[in-house]
Amino acid sequence: MKIELIAKSLTMWSCMITVALMAAPQTAQAVLPACVPKVSQAVVRVPPGKPRMMAGYFQLDNGCRNAIVLNTVRSSDFGEVSIHETVERDNVARMRYVPALTVAPGDRVVFRPGGLHLMLMKPKSNLKIGSRIPIRMSGPGWSLQVMFDVKGMAG
Ligand SMILES: [Cu+2]
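In this note's numbering, the protein residues as written are 35 to 189.
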């Protein structure tokens, strides 16, 4: 009797394990987040004084299988954040608003002085040099919070 019970419970357990094993991959797939790009070298450059506007730079690598679109950037430290690109025309540097940026799979986009940058406007407080602030980037199907190093204009 005892042996039979143990055998029965063993069968039940192995049955449950089998079910669990069969269910696991599906469950894991269901909770897997959508592919997000990798962001590195994220820096906010703060001019001296009490600036009303500053720029953010970073590098974005799309390691996903599909193209990704970056069209939303938000930060609780700023009233307004947008993507800008500095373009030179007739020897005059102008900034233009970039509503959305598409990055092909395997491609890297570099935000840097004189080119693409995050335009960070209406700072809600004085940012401390040496601190870090979160900025959230997103687009259709993905969202990523990135910690930016707050630095002065040099270094
Ligand atoms: Cu700008």
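Glycine included, C-beta positions come from ideal geometry on N, C-alpha and C.
How big is the Cα-Cα spacing for alanine 138 and valine 107? 19 Å
Whole-angstrom C-beta distance between serine 110 and leucine 154, which should lie under 8 Å: No, leucine 154 and serine 110 are not in contact; Cβ-Cβ is about 12 Å, not under 8 Å.
Own chain, CB closer than 8 Å to leucine 135, minus 5 neighbours either side, in chain order: Val103, Leu104, Asn105, Ile117, Val143 and Leu150
Nearest-angstrom beta carbon gap, serine 177 and arginine 170 [assumed within contact, 8 Å]: 7 Å
Go to methionine 187, then tell me how far its beta strand (DSSP E) extends in each direction, as first and last residue. Careful: methionine 187 lies outside any beta strand (DSSP E) and carries neither H nor E.
Going by DSSP in three states, aspartate 141 sits in which element: helix, strand or coil? In the structure shown, aspartate 141 falls within a coil segment according to DSSP collapsed to helix, strand and coil.
Would a C-beta distance cut-off of 8 Å place phenylalanine 112 and lysine 162 closer than the cut-off? no
Assuming aspartate 95 is part of the beta strand (DSSP E), what are its boundary residues? 87 to 95
Can you tell me which of Cys98, Gly148 and Lys84 puts its alpha carbon nearest to the alpha carbon of alanine 127? Gly148
From Pro133, Pro85 and Arg146, residue whose alpha carbon lies closest to that of serine 172: The residue among Pro133, Pro85 and Arg146 with its C-alpha nearest the C-alpha of serine 172 is Pro133.
Just how far apart, CA to CA, sit glutamine 93 and proline 85? 24 Å
Can you list, in chain order, the residues of its chain with a C-beta nearer than 8 Å to that of serine 159? Leave out the 5 residues immediately preceding and following it. Asp111
Near aspartate 95, what residues of its chain come up, given a Cβ to Cβ distance below 7 Å and the 5 sequence neighbours on each side ignored? Pro71, Lys72 and Arg142
Which partner residues does leucine 135 have in the DSSP bridge list? Leu104
Looking at ligand 1, does it come within less than 7 Å of methionine 129, judged from the CB to the closest heavy atom? Yes.
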